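Asker: Before I ask anything, here is the structure I am working with.
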Amino acid sequence: MATIEYVLGDITAQEVDVIVNAANSSLLGGGRVDGAIHRRGGPEILAECRRLRAGHYGGGLRTGQAVATTAGRLKARWVVHTVGPVWSDAEDRSQFLEDCHRNSLAVATGLGATSIAFPAISTGIYRWPVDSAARIARKAVRDAEIDLIRFVLFDQATYDAFARP
Ligand code: APR
1 MATIEYVLGD ITAQEVDVIV NAANSSLLGG GRVDGAIHRR GGPEILAECR RLRAGHYGGG
61 LRTGQAVATT AGRLKARWVV HTVGPVWSDA EDRSQFLEDC HRNSLAVATG LGATSIAFPA
121 ISTGIYRWPV DSAARIARKA VRDAEIDLIR FVLFDQATYD AFARP
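Residue numbers (the numbering used here): 1 to 165.
So, in structure tokens, the structure goes:
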């Protein structure tokens, strides 16, 4: 069983094997956590994302899927990029958010990682309500076969939603 931690902070500063990026399907960068990871990790990450786009991921990464690259200058060994669902009032996209967590874990353990840090996927630009995202994320990782899962939350309200007993 994994140890699950909740910390208030910046995911780019974490010393874990894998940092998960809340990316978009282009894999070519964006704002917020995606922007911070590429900025701090340096151009090697984007270079590898471009190679992925030139190869197997020519059409981009689908929502809920996950793929690894180098972590560049970050302290982590790998960045696992996943694409969260955009919140919709009209349809339930929860399964995609669950898939993001499960598929990121599968990629990480496939690489031999023993520790992984997740941001609050979809709760920023993609507008997913934080309480719902926290519930889905916590449930999705509950039975994971990895030593350490750390949720790194960037503001107090998000931290409170995730760390709630
Ligand atoms: N460390 C940890 N969490 C962070 C950081 C950081 N350095 N920066 C932002 N966050 C938090 C946000 O506050 C939010 O709680 O990450 C959460 C996810 O927000 P977004 O980064 O906006 O991700 P998401 O909602 O999944 O939207 C993805 O945003 O950046 C683009 O390319 C990305 O188009 C994609 C979209």
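Quick reminder that beta carbons are idealized off the backbone N, C-alpha and C, glycines included. Keep in mind the model is a prediction, meaning the values are calculated, not measured.
Could you check whether the Cβ of residue 151 sits closer than 7 Å to any heavy atom belonging to the ligand APR?
Answerer: No, the ligand APR has no heavy atom inside 7 Å of this Cβ.
Asker: Looking at residue 154 and the ligand APR, is the gap between the Cβ and the nearest heavy atom below 7 Å?
Answerer: Yes, the Cβ of residue 154 comes within 7 Å of a heavy atom of the ligand APR.
Asker: Quick check on DSSP: helix, strand or coil for residue 6?
Answerer: Residue state, collapsed to three classes: strand.
Asker: Taking DSSP's pairing of strands, which residues face residue 70 in a bridge?
Answerer: Paired residues: 78.
Asker: If you draw a straight line from the C-alpha of residue 135 to the C-alpha of residue 57, how long is it?
Answerer: Taking the straight line joining both Cα atoms gives about 30 Å.
Asker: Applying the criterion that 16 or more other CB atoms from any shown protein chain within 10 Å of the CB defines a buried residue, is residue 114 buried or exposed?
Answerer: By the 10 Å Cβ count, residue 114 comes out exposed.
Asker: In whole angstroms, give me the CA-to-CA distance for residue 26 and residue 120.
Answerer: Distance between the alpha carbons of residue 26 and residue 120: 20 Å.
Asker: Would residue 66 pass as a contact of residue 104 if the rule is Cβ separation under 8 Å?
Answerer: Cβ atoms of residue 66 and residue 104: closer than 8 Å.
Asker: Would you list, in sequence order, the uninterrupted beta strand (DSSP E) runs of no fewer than 3 residues that lie entirely inside the stretch 99 to 126?
Answerer: Listed in chain order, they are 115 to 118.
Asker: Of all the alpha helix (DSSP H) runs that stay within the bounds of the stretch 127 to 158, which reach a length of 4 or more residues?
Answerer: You should have 130 to 141.
Asker: From residue 24 to residue 52, what does the alpha carbon distance come to, in whole angstroms?
Answerer: Distance between the alpha carbons of residue 24 and residue 52 is about 14 Å.
Asker: Are at least three pairs of beta-carbons, each pair with one atom in the stretch 34 to 48 and one in the stretch 7 to 14, less than 8 Å apart?
Answerer: As far as the Cβ criterion goes, the stretch 34 to 48 touches the stretch 7 to 14, which means the pair count is three or higher.
Asker: Can you tell me whether residue 85 is buried or exposed, with buried defined as 16 or more other CB within 10 angstroms of its CB?
Answerer: Per the 10 Å Cβ criterion, buried.
Asker: Which first and last residues belong to the beta strand (DSSP E) in which residue 11 is found?
Answerer: First-last for residue 11: undefined, no H or E at that position.
Asker: For the ligand APR, any of its heavy atoms closer than 7 Å to the Cβ of residue 10?
Answerer: True, at least one ligand heavy atom lies under 7 Å from that Cβ.
Asker: Going by C-alpha to C-alpha distance, which of 163, 60, 77 sits closest to residue 109?
Answerer: Per the Cα distances, 77.
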